[in-house]
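The structure under discussion appears below in the form of structure tokens.
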Amino acid sequence: MKKPVSGKKSIKQIKFKKAGDMPPVAISLASMLYNKTGKWRSIRPVIDLNKCTSCMLCWKFCPDVAIKNIDGKPYIDLDYCKGCAICIEECPVKAVRVEEEKK
Amino acid sequence: MKKVITGNHTVSFGVKSARVEVIAAYPITPQTEVVEKLSEMVADGELKARFIKVESEHSAMAACIGASATGARAFTATSSQGLALMHEMLHWATGARVPVVMANINRSLGPPWNIWSEQTDSLSQRDTGWLQFYCENNQEILDTIIQAFKICEKVSLPGMVVLDAFYHSHTAEPVDIPDQKLVDRFLPPYNPEYKLDINDPHTFGGLTGPEYYYELRYKIQKAMVESVDIIKSVGKEYGNMTGRNYGLIEEYKTTGAKQLLVASGAMAETAKDAIDILRKKNKKVGLLRVRAFRPFPKEDLKKAMSKAEVVGVIDRNISLGNEGIFFQEIKSALYNEKRRPAIYGFIAGLGGRDVLEDEIVRIAEDISKRSFKKEITWVGAKI
Chain C
1 MKKPVSGKKS
11 IKQIKFKKAG
21 DMPPVAISLA
31 SMLYNKTGKW
41 RSIRPVIDLN
51 KCTSCMLCWK
61 FCPDVAIKNI
71 DGKPYIDLDY
81 CKGCAICIEE
91 CPVKAVRVEE
101 EKK
Chain B
1 MKKVITGNHT
11 VSFGVKSARV
21 EVIAAYPITP
31 QTEVVEKLSE
41 MVADGELKAR
51 FIKVESEHSA
61 MAACIGASAT
71 GARAFTATSS
81 QGLALMHEML
91 HWATGARVPV
101 VMANINRSLG
111 PPWNIWSEQT
121 DSLSQRDTGW
131 LQFYCENNQE
141 ILDTIIQAFK
151 ICEKVSLPGM
161 VVLDAFYHSH
171 TAEPVDIPDQ
181 KLVDRFLPPY
191 NPEYKLDIND
201 PHTFGGLTGP
211 EYYYELRYKI
221 QKAMVESVDI
231 IKSVGKEYGN
241 MTGRNYGLIE
251 EYKTTGAKQL
261 LVASGAMAET
271 AKDAIDILRK
281 KNKKVGLLRV
291 RAFRPFPKED
301 LKKAMSKAEV
311 VGVIDRNISL
321 GNEGIFFQEI
331 KSALYNEKRR
341 PAIYGFIAGL
351 GGRDVLEDEI
361 VRIAEDISKR
371 SFKKEITWVG
381 AKI
């Protein structure tokens, strides 16, 4: 059986010949650290850290775990952010604004 | 240690013995006491687990799936409408190959509102890929909860331990709880090969096209087929530990029996009393109790019925528009056999109507008559 490889950088699709070669669970064989999924974003959230009160509600609500908590301040990881704007909706002090993604 | 406890609390003690790590559940009669007791155990520090309160049964199962995917041993309990609401997530648990174990307390589906025993709720989840065990008494409930974790973790499939509303859930019986050291040796901590890990993130259950989905389904079916032997070996291992052996079916006084009755759940215990009465009258009648419904014990049933002339299947459930569900499944299992017994279906006890031993005696006496030809009989119905 082909095992998922930690830290494997290639996201090339692996072909299986037989059911026995496949893992039981439908699992991505490459680490998602190298599979950037933020490409299809059409808008991006931008945090104004001067307005931010560090309540971290955006970090808690982000459905894609794309907001990082660095020393008590939120940072958006644009490699994974899909632009759903939930952080904009949840921010109680309106410190997150929306920007059009430039193509 | 022996305790006199209700079926509901038996489930809680079984879960405690299995050292479950995450419990997520939503209350519904008659299941409530199961999770009430568990939340008490967690609050008192007797059980080191996270108890997640959720807003619905759908969320309860979703939380269990997530917990199990991280490698935690997860448990929930529900009943009737609650199980029906979980339906989508039941399929998800199977596809994700997470060995979540749940207790379902058989209760009729409404309307009309009815909180009493009927198996149609769990049997409606027949095709979700969950293992299903129908228990006869409180002792078996405890034993099956502990075994279910071991069986399910070996085959990476979820499992349902099923008990009857009130006949089990609210009836106290003496239950022997095996020593924790023995259970720990029998059931080591869950440590799956694939699990969610924030330091090495992988997608689970992502988009899989027609080129592989088909094979993944095949693998689930293969695991189900393999679980037949695993249920037997785990049942035997448990028997060596406690003296109580379990298989997929139980044969009761079947030696030399020309007529067989088939029953499951609490009703099987009443049927045993009926068999005792009939045997005293020198009638050659035996009982087959179906314990595992998924995987369906085809081979065991075929073998057990190979010498029978006539079989009566008693169903506390109905597939509306067809017939009793155990009745259908047993008939289809026997179809390719060269020598088949005559087989008749009996619907009984829907909505918690008591099925008494003299009614079961009458069923056996009816099917023994050569003139009996009625394929489906509604036992004791005012029709």
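Chains as they are written, first to last, in my numbering: chain C, 1 to 103; chain B, 1 to 383.
No residue lacks a Cβ here, since even glycine has one placed at the ideal position from N, Cα and C.
1) Near F204(B), which residues of its chain fall below 7 Å by C-beta distance, leaving aside the five closest residues on each side in sequence?
2) Tell me the residue span of the beta strand (DSSP E) that contains D315(B).
3) Would you identify the three-state DSSP class for T29(B), choosing helix, strand or coil?
4) Run down chain B in chain order and give the residues with a C-beta less than 7 Å from the C-beta of A19(C).
5) State the Cα-Cα distance for the pair P174(B) and G324(B), rounded to the nearest angstrom.
6) Which first and last residues belong to the alpha helix (DSSP H) in which K222(B) is found?
7) Would you mind telling me which residues of chain B sit closer than 8 Å to P74(C), beta carbon to beta carbon, in chain order?
8) Measure the C-alpha to C-alpha separation of M86(B) and T32(B) and round it to an integer number of angstroms.
9) Counting only runs of 3+ residues fully inside the stretch 325 to 354 of chain B, write out the beta strand (DSSP E) ranges in chain order.
10) Quick test of the definition: if touching needs 3 or more C-beta pairs under 8 Å, does the stretch 8 to 15 of chain B touch the stretch 144 to 154 of chain B?
11) Are three or more beta carbon pairs between the stretch 186 to 201 of chain B and the stretch 28 to 38 of chain C nearer than 8 Å?
12) Excluding five sequence neighbours on each side, which residues of the same chain lie with their C-beta closer than 6 Å to the C-beta of D79(C)?
13) Report back the beta-carbon spacing between E365(B) and P341(B) to the nearest angstrom; my notes put them in contact at under 8 Å.
14) Thinking C-alpha only, which one of A66(C), P92(C), K18(C) and E99(C) is nearest T53(C)?
15) Which value, in whole angstroms, describes the spacing of the CA atoms of E55(B) and W116(B)?
16) Which of the residues in the stretch 141 to 159 of chain B, read from start to end, lie with their CB under 8 Å from any CB of chain C?
17) The beta strand (DSSP E) spanning K281(B) covers which residue range?
18) Can you tell which of V361(B), G243(B), N114(B) and R19(B) has its C-alpha closest to the C-alpha of V183(B)?
19) Would the stretch 276 to 287 of chain B count as touching the stretch 210 to 220 of chain B if we require 3 or more Cβ pairs under 8 Å?
20) For W378(B), name the three-state secondary structure that DSSP assigns.
21) When burial is assigned at 16 or more other CB atoms within 10 Å of the CB, is N137(B) buried or exposed?
22) Find the residues of chain B that neighbour I27(C), judging by a C-beta separation of less than 9 Å, and give them in chain order.
23) Does DSSP put H202(B) in a helix, in a strand, or in coil?
24) Over what stretch of residues does the beta strand (DSSP E) that includes F133(B) continue unbroken?
25) Assuming contact is defined by CB atoms lying nearer than 8 Å, are W130(B) and M89(B) in contact in what I supplied?
26) Could you say if the stretch 237 to 248 of chain B and the stretch 264 to 276 of chain B meet the contact criterion of at least three C-beta pairs nearer than 8 Å?
27) Would you report the Cα separation of L356(B) and K272(B), rounded to the nearest angstrom?
28) In this structure, how does DSSP classify R19(B) when only helix, strand and coil are distinguished?
29) Rounded C-beta distance between V42(B) and A74(B)? I'm assuming under 8 Å.
30) Where do the N-terminal and C-terminal ends of the beta strand (DSSP E) with D164(B) fall, by residue?
31) Could you check what DSSP says for I363(B) in three-state terms: helix, strand or coil?
32) How close, in whole Å, do the beta carbons of P45(C) and A95(C) come, if the pair is a contact with beta carbons under 8 Å?
33) Mind the definition here: the stretch 97 to 105 of chain B touches the stretch 327 to 338 of chain B only if three or more C-beta pairs lie below 8 Å; say whether that holds.
34) D229(B) to L187(B), Cα distance in whole Å?
35) Would you decide whether K60(C) is buried or exposed? Buried here means 16 or more other CB atoms lie within 10 Å of its CB.
36) By the DSSP assignment, the alpha helix (DSSP H) with G95(B) in it spans what residues?
With the structure as the only source:
1) A69, A96 and L196
2) V310 to D315
3) coil
4) Correct list: E215, Y218 and K219.
5) 32 Å
6) P210 to T242
7) Ordered by position in chain B, no residue passes the 8 Å Cβ test against P74(C), which lies about 18 Å from the chain.
8) 16 Å
9) Secondary structure within the stretch 325 to 354 of chain B: the beta strand (DSSP E) runs of 3 or more consecutive residues, fully enclosed, are 342 to 347 (chain order).
10) yes
11) yes
12) K36 and G38
13) Between P341(B) and E365(B) the Cβ distance is about 17 Å, and since that is not below 8 Å, they are no contact.
14) P92(C)
15) 24 Å
16) S156
17) Counting along the chain, K281(B) falls outside any beta strand (DSSP E), and DSSP gives it neither H nor E.
18) R19(B)
19) no
20) strand
21) buried
22) Y194, H202, T203, F204, G205 and G206
23) coil
24) L131 to Y134
25) No, these two residues do not count as a Cβ contact at 8 Å.
26) no
27) Taking C-alpha positions only, L356(B) is separated from K272(B) by approximately 11 Å.
28) coil
29) With 8 Å as the limit, V42(B) and A74(B) do not qualify as a contact, their Cβ atoms being about 13 Å apart.
30) G159 to D164
31) helix
32) That belief does not hold up - the Cβ atoms of P45(C) and A95(C) are roughly 10 Å apart, past 8 Å.
33) no
34) 18 Å
35) Result: exposed.
36) S80 to G95
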